[in-house]
Amino acid sequence: RIDRDTAARLGVTASSLDNTLYNAFGQRIVSTIFTETNQYRVILEARRDETPSLATLRDLPVKTSSGSTTPLSSFAQVVQEQAPLQVLRVGQYPAATVGFDTAPGVSLGAAVQAVLAAAKAEGLPDAISLRMTGAAGAYQKSLSNQLWLMLAAVVCVYIVLGVLYESYVHPLTILSTLPSAGIGALLALMLTGHALDVVGIIGLVLLIGIVKKNAIMMIDFAIEAERGEGKPPQEAIHQAALLRFRPILMTTLAALAAAVPLMLSFGDGAELRRPLGLAIFGGLVL
């Protein structure tokens, strides 16, 4: 137990104390001797004829900022008690790590929600906060940015379509099919008990590209008929819907068929890919 005020008055720093304790009771490599066939490490340690004890620890000389030494007992109280092997800190605050793993068939999002619910049920005091790290922390950070990610994807698609068609209205017509597809994807995830995790967001981004492709096939043909053949807008879009129905149906069914293996897959890592297939399948069906 260090008296920090006394240590500061004597000129003892934390690094000096750490080096002294490591030199006395650790195994510091101070040099390496090289020979023609081998190499030998020179290790600094305390004398082996002196058994480490509380007395030797109290009398351990610690170097001060002035270059002199002072015994450890002059600014610290040496006691014998049980203590952890290491002290973990997160953001300069003492922390305790509790690890968990997902059960078979359980997504990371569901596991995180279960852990947060259990922590809330315990009624932790205000002085204790819960912070996710590792894969769970990355998952929470991705969820905090998912709205901006989806908005950025839609804005990028709108800009590209606006440049392509040289219009502010036609991109909105193409993007008007996205809300129903998004609702279908969210319903598919909700009905199957899957959370909107990172893989589900990737599925929504892919769904944006697939759905807008169907609208582009009709809008592009209708614009060409209106400008090239002079047809009115209603007749042009009606003809485009009739002529483009078969290719749109074929590409949509192909995308649905590609999503089925992702939905029904089993084995290692299948639960990670399943939200991707569910988001695509549900969005295309609705």
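For the sequence shown, our numbering gives the first residue as 2, with consecutive numbering after it.
All C-beta atoms, glycine included, are put in the ideal place defined by N, C-alpha and C.
{"Check": "May I ask you to report which of helix, strand or coil DSSP gives GLN93?", "Outcome": "coil"}
{"Check": "Taking 8 Å as the cut-off, decide whether the C-beta atoms of VAL113 and TYR140 are in contact.", "Outcome": "yes"}
{"Check": "Roughly how many angstroms separate the alpha carbons of ASP19 and PHE35, rounded to a whole number?", "Outcome": "29 Å"}
{"Check": "Can you have a look at ASP198 and say buried or exposed, based on whether 16 or more other CB atoms are within 10 angstroms of its CB?", "Outcome": "buried"}
{"Check": "Give the secondary structure of SER266 by DSSP, where H, G and I count as helix, E and B as strand, and everything else as coil.", "Outcome": "coil"}
{"Check": "Name the DSSP beta bridge partners of LYS64, please?", "Outcome": "THR70"}
{"Check": "Please identify the residue among THR65, LEU55, PHE101, VAL99 whose C-alpha is closest to the C-alpha of GLU82.", "Outcome": "LEU55"}
{"Check": "Figure out for me which residue from LEU205, VAL63, ALA137 has the closest Cα to the Cα of SER181.", "Outcome": "LEU205"}
{"Check": "Would you call the segment 181 to 194 and the segment 275 to 284 in contact, with 3 or more CB pairs under 8 Å?", "Outcome": "yes"}
{"Check": "Using DSSP's beta-bridge definition, name the partner residues of THR33.", "Outcome": "ARG42"}
{"Check": "Rounded to the nearest angstrom, what separates GLY135 and VAL99 at their Cα positions?", "Outcome": "12 Å"}
{"Check": "Take GLY27 as the anchor and find which of GLU37, ALA47, GLY110, SER16 has the nearest alpha-carbon.", "Outcome": "ALA47"}
{"Check": "Note the first and the last residue of the continuous alpha helix (DSSP H) segment covering GLN114.", "Outcome": "109 to 123"}
{"Check": "In whole angstroms, give me the CA-to-CA distance for GLY163 and GLN147.", "Outcome": "24 Å"}
{"Check": "Rounding to the nearest angstrom, what Cα-Cα distance links SER143 and VAL161 in this structure?", "Outcome": "25 Å"}
{"Check": "From the DSSP output, read off the bridge partner residues of ILE3.", "Outcome": "ALA77"}
{"Check": "Using CA atoms only, rank isn't needed, just tell me which of GLY183, MET218, SER177 is closest to ARG245.", "Outcome": "MET218"}
{"Check": "Which residue from LEU277, ALA77, THR193, THR57 puts its Cα closest to that of ALA1?", "Outcome": "For the chain, the structure presents residues 2 to 287; residue 1 sits outside this window and is missing."}
{"Check": "Mapping the DSSP letters down to three states, classify SER177 as helix, strand or coil.", "Outcome": "coil"}
{"Check": "Just to confirm my understanding: we take SER66, look at its own chain, exclude 5 residues before and 5 after, and list those with CB closer than 6 Å. What are they?", "Outcome": "GLY12"}
{"Check": "Within 10 angstroms of the Cβ of PRO172, are there 16 or more other Cβ atoms? Answer buried if so, exposed if not.", "Outcome": "buried"}
{"Check": "Indicate whether THR178 and VAL212 have their beta-carbon atoms separated by less than 8 Å.", "Outcome": "yes"}
{"Check": "So, using beta-carbon positions, are LEU89 and ALA96 closer together than 8 Å?", "Outcome": "yes"}
{"Check": "Out of LEU285, ILE224, LEU277, GLY268, which one is the CA nearest neighbour of ILE249?", "Outcome": "LEU285"}
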